[in-house]
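*Asks:*
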Amino acid sequence: MEEHKKEHSATINVRVSDVTQYMICPRLVYFGAAGHKQSGIAEGKEKRVIERILLKELAFNVQKLRGGEEEGEETDKEVAKRIIEEVVDGVERIYREELKGIGTDFFAAVKAAFICRMGEGDAEWLRKVRKENGVLALEAVYGYEREHTMVSETLRMSGSVDKLIRTEAEIIPCMIKTGRCPEYGVWKSDRVQLAAYAMLIEEEFETAVRRGFVEYIRNAECRESPIRKKDRALALQVLKRVKRIKEGAMPEKRDNAPCDNCSFLELCETKKTLLSALFGR
């Protein structure tokens with residue numbers, strides 16, 4: 016039985032997060048597969064990392080912010096601030112691994128500033144986040160399952176979708192993103208990620224997934240996205256490339272890769288130098 020488990024886990028060697036990383040830069044997948052771990056949070060980026068984590072936890076609890084009625088002597092903003100404070104309380108325990116290395120006092124200061132800004136200062140964000148949208152309407156009726164994990168033996172892929180909403184008629188993946196949102200629709204990389212989750216859902220639940228949602232929580236925008244054939248095709252194409260990279264193939268670096276924030280930069284430059292010497296470039 017134990018041997019069977021080991022064989023099974025050996026066949027599932029690609030995660031949806033690998034597909035997402037490939038869309039950022041294929042070499043992130045390569046260095047990760049080679050056993051190199053990202054060296055924690057880059058210096059000077061600690062505040063940004065903490066805020067992203069706080070935003071994500073807020074997105075999991077956005078229903079609590081709806082309404083905006085005064086409670087007793089509390090004003091609307093005071094209610095919002097209190098709710099946000101309750102939501103992000105204990106975040107350091109939930110995201111312990113991601114926050115490793117960040118000082119307690121620094122984290123507390125960033126969290127306090129975040130609570131004040133989101134609850135009191137950003138009235139437009141508060142108004143938008145309370146506005147009715149597709150995900151909020153579905154969650155109000157059906158709720159959602161947080162971070163549902165799926166495994167596909169046929170695709171040799173696994174993944175954990177942020178929110179999984181189940182209605183009588185469909186199962187819908189929903190992703191939370193803390194970066195900026197596009198002017199219209201969703202980013203290409205997000206469409207591909209949704210398509211990957213859709214294929215995992217279809218295999219596990221034997222159903223058809225026709226749409227998904229992306230919550231751009233920083234902008235309080237929720238975008239519905241159909242699961243298109245071209246996005247499925249690209250997801251499968253990227254999946255094949257990721258498998259080849261994990262087998263040892265060295266990929267090219269993406270032209271617009273965010274190298275400045277990459278903890279693999281030194282390794283990447285070393286590889287480039289070695290390859291140039293080998294091929295006389």
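Count along the sequence shown starting at 1, add 15, and that's the number in the numbering used here.
We put the CB at the ideal spot given by N, CA and C, even for glycine.
Just the C-alpha distance for L151 and R256, rounded to the nearest angstrom, thanks.
*Replies:* L151 and R256: Cα-Cα distance of roughly 36 Å.
*Asks:* Could you please give the first and the last residue of the uninterrupted beta strand (DSSP E) stretch that includes V166?
*Replies:* Unbroken beta strand (DSSP E) run through V166: 160-167.
*Asks:* Closer than 8 Å by C-beta to K258: which residues in its own chain qualify, once you throw out the five before and the five after it? Chain order, please.
*Replies:* Taken in chain order, the residues that qualify are N28, V29, R171.
*Asks:* Name, in chain order, the residues that DSSP records as bridge partners for K311.
*Replies:* Residue 311 lies beyond the residue range present for the chain, which begins at 16 and ends at 296; the question has no answer from this structure.
*Asks:* On the DSSP bridge assignment, give the partners of Y212 in chain order.
*Replies:* According to DSSP, Y212 bridges with nothing at all.
*Asks:* Excluding sequence positions up to five away, which residues of its chain have a Cβ less than 6 Å from the Cβ of N76?
*Replies:* V102.
*Asks:* DSSP three-state label for C237, please.
*Replies:* DSSP places C237 in strand when its eight states are reduced to three.
*Asks:* Name the residue from C189, C131, D33 whose alpha carbon lies nearest to the alpha carbon of A95.
*Replies:* The option with the nearest alpha carbon to A95 is C131.
*Asks:* Per the DSSP calculation, G227 is bridged to which residue(s)?
*Replies:* According to DSSP, G227 bridges with S240.
*Asks:* If you compare alpha carbons, which of P266, A124, Y157 is closest to L179?
*Replies:* With distances taken between Cα atoms, L179 lies closest to Y157.
*Asks:* So, with DSSP's three-state summary, where would you put V201?
*Replies:* In the structure shown, V201 sits in coil (DSSP, three-state: anything other than H, G, I, E or B).
*Asks:* For L70 and R233, I'd like the C-alpha separation in whole angstroms.
*Replies:* For L70 and R233, the distance between alpha carbons rounds to 7 Å.
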